[in-house]
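A.B. asks:
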Amino acid sequence: MGHLFGLVRSSLASAMPNRRAPLTPPAVVPPKEAGDSNAKDGSLARSLGIAVAECYQCGKCSAGCPVAEQMDLMPNQVFRLVQLGHIDQAIRCGAIWQCVSCFTCATRCPQSVDCVKILDALRQEAAVQRTVPAGQLRIVLFQQAFLDNIRRFGRVNEMQLIAHFKVSGLVNDFNLVQLFSGALLGPKLLQRGKLHLKADGVRDASIVGRIFDRCASGPAHEPVREGHVS
44 MGHLFGLVRS
54 SLASAMPNRR
64 APLTPPAVVP
74 PKEAGDSNAK
84 DGSLARSLGI
94 AVAECYQCGK
104 CSAGCPVAEQ
114 MDLMPNQVFR
124 LVQLGHIDQA
134 IRCGAIWQCV
144 SCFTCATRCP
154 QSVDCVKILD
164 ALRQEAAVQR
174 TVPAGQLRIV
184 LFQQAFLDNI
194 RRFGRVNEMQ
204 LIAHFKVSGL
214 VNDFNLVQLF
224 SGALLGPKLL
234 QRGKLHLKAD
244 GVRDASIVGR
254 IFDRCASGPA
264 HEPVREGHVS
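With the sequence shown counted from 1, adding 43 to any position gets you the working numbering.
(1) Give every residue of the same chain whose Cβ lies closer than 8 angstroms to the Cβ of L222, excluding the five residues on either side of it in the sequence, and list them in chain order.
(2) So for G107, helix, strand or coil by DSSP?
(3) Quick one: using the 10 Å Cβ neighbour count with 16 as the cut-off for buried, is V123 buried or exposed?
(4) Quick one: using the 10 Å Cβ neighbour count with 16 as the cut-off for buried, is H129 buried or exposed?
(5) L180 to C142, Cα distance in whole Å?
(6) What are the boundary residues of the alpha helix (DSSP H) that includes C158?
(7) Pick out whichever of I139, V175, R194, A138 has its Cα sitting closest to the Cα of G252.
(8) Among H207, L240, V199, R235, whose alpha-carbon lies nearest the alpha-carbon of A248?
(9) What did DSSP end up calling I134 once you bin it into helix, strand or coil?
(10) My output table needs one value for H207: the three-state DSSP class, helix, strand or coil.
(11) For Q154, does the three-state DSSP call read helix, strand or coil?
(12) What's the call for H239, buried or exposed, on a 16-neighbour Cβ count within 10 Å?
Written out as structure tokens, the structure reads:
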């Protein structure tokens with residue numbers, strides 16, 4: 044969903060001078076007390092079936108990340124925060140919003156830690172706790188509009204998706220420029236058959252709904268393990 048925006052950011056980053064930020068350790072707050080409800084102790088990653096404890100901070104994920112120059116914390120530093128249970132600090136860093144989901148980090152990891160899934164979970168947690176930076180909120184709005192569109196129609200209904208995203212963005216920030224941005228492209232897309240006023244639905248949209256329900260509730264209770272698909 045946000046991958047299109049991520050690819051644009053990646054292209055812009057690749058055109059900039061290669062000035063990688065030094066790997067300075069993040070300012071980690073002291074560990075929480077045992078009775079503190081914010082001390083999650085990595086439960087976010089555990090609920091997703093991710094062995095984040097396997098990370099031994101080799102830094103290969105940060106060394107290979109194409110957008111590391113744009114991050115306030117390196118990927119391995121974000122994973123360290125998750126290991127320590129500092130989820131509240133991790134969801135407030137800008138690094139999780141710079142990730143373009145290229146899977147370079149997960150591919151390079153010698154421990155096979157699903158780095159991308161961790162970052163996805165942190166972005167989702169940020170949305171739930173309403174800590175999304177103002178500059179990234181439209182990305183979240185588009186992702187929500189896209190998922191709602193798929194769940195409702197079973198496939199992308201382009202006109203409904205555009206209307207949903209534009210209206211939700213206007214309600215959020217009252218930006219009239221964004222409301223009408225890209226309007227001149229509409230007739231050209233219609234002329235070339237790239238934009239459809241009426242989209243064909245799927246035969247059984249309820250199947251798509253069940254897929255969404257399983258994705259929302261399944262991983263926390265039934266993590267998929269190697270060699271096993273439930």
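Cβ atoms here follow ideal geometry from the backbone N, Cα and C, with glycine treated the same way.
C.D. replies: Well, looking at it:
(1) Answer for L222: K209, G212, L213, listed in chain order.
(2) Here G107 sits in helix by DSSP.
(3) The question names Val, but residue 123 is Arg in the sequence shown. For R123, the number of other beta carbons within 10 angstroms of its own is at least 16, and it is reported as buried.
(4) Of the other Cβ atoms in all chains shown, 16 or more fall within 10 Å of the Cβ of H129; this residue is therefore buried.
(5) Taking the straight line joining both Cα atoms gives about 15 angstroms.
(6) First-last of the alpha helix (DSSP H) with C158: 158-171.
(7) By alpha-carbon distance to G252, the top candidate from I139, V175, R194, A138 is R194.
(8) That would be V199, whose Cα lies nearest to the Cα of A248.
(9) When secondary structure is reduced to three states using DSSP, I134 falls in the coil class, being assigned neither helix nor strand.
(10) Assignment of H207 by DSSP, reduced to helix, strand and coil, places it in the helix class.
(11) It is coil, neither helix nor strand.
(12) Counting C-beta atoms within 10 angstroms of its own C-beta, H239 has fewer than 16 neighbours from the protein chains shown and is therefore classed as exposed.
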